[in-house]
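Okay, so the sequence shown: first residue is 23 according to the numbering used here, each after it adds one.
In what follows, a single structure is set out as C-alpha cells and then discussed.
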Amino acid sequence: MSTASDYVIVGAGPTGCALGFYLARRGATVTLVESVERPESVVGESMLPGSTLVFDECGLDLSGFMVKRGAVFCRDGAAVRFDFAEAEACRYPHAWQVQREVFDLRWRDVARRAGCAIVYADATAVDVAARRLDTSAGPLTAASATPASRTPPSAPAARAWFNWRPTSPATSPSAASPAAGSGSSPSAAASPRSAW
Ligand SMILES: Cc1cc2nc3c(=O)[nH]c(=O)nc-3n(C[C@H](O)[C@H](O)[C@H](O)COP(=O)(O)OP(=O)(O)OC[C@H]3O[C@@H](n4cnc5c(N)ncnc54)[C@H](O)[C@@H]3O)c2cc1C
23 MSTASDYVIV GAGPTGCALG FYLARRGATV TLVESVERPE SVVGESMLPG STLVFDECGL
83 DLSGFMVKRG AVFCRDGAAV RFDFAEAEAC RYPHAWQVQR EVFDLRWRDV ARRAGCAIVY
143 ADATAVDVAA RRLDTSAGPL TAASATPASR TPPSAPAARA WFNWRPTSPA TSPSAASPAA
203 GSGSSPSAAA SPRSAW
C-alpha cells in the first residue's frame with residue numbers, strides 16, 4: 023500500500039475524526055490510520071456541555087446517549103449541586119454521557135461521510151522530511167502529517183511532528199466536501215434518556 027493524501031492523521035478517535043472532518047470540509051484529502059477496528063472499553067464517557075458545539079457542527083449522531091444536566095459532588099455527608107443550565111453564558115444546558123465504543127464508531131462515520139479514508143493499520147514510524155508514515159499495512163505519504171493520538175508511534179517522531187510547520191497547507195474552502203449533516207442538530211432531534 024502506498025497512498026498519498028493532503029493529510030495523514032494517526033488515530034481515528036474523536037480528535038482524529040473531528041480534525042479529519044474539518045480538513046475534508048475545507049477540501050483536503052485526508053487519510054486516518056487506526057489500529058483498532060472495533061473499539062472496546064474506551065475510557066472517557068462523560069462529556070461536558072462545550073463539546074456539544076463540535077458534535078453539532080460535525081453532525082455527530084448522539085441518539086440514544088444519556089442527557090446529563092449537571093453533577094452533584096458529595097463529601098462527608100454534604101452535597102454540592104452544579105447545574106449546567108446555570109452556567110454563565112450557557113449555550114448548551116446539558117451534556118452527554120456516551121458509550122465510547124459506540125461514540126467512537128459514530129465519529130468514524132462522521133469522518134467517512136466527510137470524505138476521509140480510514141486505513142486499519144498500526145502507525146509504526148514517521149519520516150517527517152519525506153512526509154511519510156510507515157504502517158503495518160505499508161507506507162502512506164502526505165502533504166502534511168498530524169498526530170491525533172495520545173499514543174503516537176514514537177516519542178522522537180511525535181516531537182518532530184508537533185514542531186513541524188507544514189509549508190503548503192492544502193486547503194480550498196471553495197472545494198468543500200459535503201459536510202455530514204452540517205446545519206442539522208442531532209442532539210436536539212434525538213429523544214434521549216434523561217439523567218438526574
Ligand atoms: C481514566 C481516564 C478517564 C477519562 N475520563 C474522561 C471523561 O470522563 N470525559 C472526557 O471527556 N474525557 C475523559 N478522558 C479523556 C478522554 O479519554 C480523551 O480526552 C479522549 O479519548 C481523547 O480522544 P482522542 O481521539 O484524542 O484519543 P483516543 O480516544 O485515545 O484515540 C486515539 C486513537 O488512536 C489509535 N492509535 C493509537 N496509537 C496508534 C498507532 N500507533 N497507530 C494507529 N492508531 C493508533 C487508538 O486506537 C485510538 O483509537 C479520560 C481519560 C482517562 C485516561
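C-beta: ideal position from N, C-alpha, C; glycine also.
- By the C-beta density criterion, Phe-104 is exposed, having fewer than 16 other C-beta atoms within 10 angstroms.
- At least 7 Å separates the beta-carbon of Thr-74 from that of Tyr-44.
- Between Asp-83 and Arg-128, the CB-CB gap stays under 7 Å.
- By the CB criterion at 7 Å, Val-58 and Ala-143 fall outside the cutoff.
- For Gly-92, the beta-bridge partners assigned by DSSP are Asp-105.
- Taking the Cα positions, Ala-100 is about 17 Å away from Gly-92.
- Excluding sequence positions up to five before and after Glu-62, its CB lies within less than 6 Å of the CB of Glu-123, all in the same chain and listed in chain order.
- Relative to Asp-78, the option among Trp-118, Cys-96 and Ala-50 whose CA is nearest is Trp-118.
- DSSP, read as helix, strand or coil, puts Val-76 in helix.
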